[in-house]
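K.L.:
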Amino acid sequence: MPSRKFVALLTKGNARLIRQRGTSHAIFERISGGIKYHAPVVMAKDELSSHYMLIVLRQLGFTDDEIEDLLG
């Protein structure tokens, strides 16, 4: 999945871009259960591995059910 599509998926899951300053990574934030989660996301890549995307989703506090809902 390309970075652009993954970012759209994160946005659909209520994660938001909080900063990107002249670097290849952007920082996303998600609040779930009153807890703030942050994760760096590689931008402008043609293909992100499924393993990498799962790591980012976990860092942002997504549960298995939430991940299934996003991908399904």
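Here the working numbering is used: position 31 in the sequence shown is 1290, and no number is missing along the way.
Even glycine gets a Cβ: it sits at the ideal position worked out from N, Cα and C.
Remember, it's a predicted structure, so these values are computed and weren't measured experimentally.
From the DSSP secondary-structure annotation, give me the bridge partner or partners of residue 1287.
P.N.:
1276, 1298
K.L.:
With distances taken from CA atoms, which of 1320, 1326, 1328 is nearest residue 1292?
P.N.:
1320
K.L.:
Using a 10 Å radius around the Cβ and a threshold of 16 neighbouring Cβ atoms, would you call residue 1289 buried or exposed?
P.N.:
buried
K.L.:
Hey, quick one: how far does the alpha helix (DSSP H) through residue 1319 stretch, first residue to last?
P.N.:
That residue, residue 1319, is in no alpha helix (DSSP H); it is neither H nor E in DSSP.
K.L.:
Assign residue 1267 to one of two classes, buried (16 or more other C-beta atoms within 10 Å of its C-beta) or exposed (fewer than that).
P.N.:
exposed
K.L.:
Quick check on this structure: which residue in 1271, 1270, 1286 has the alpha carbon closest to the alpha carbon of residue 1277?
P.N.:
It is 1286 whose Cα lies nearest to the Cα of residue 1277.
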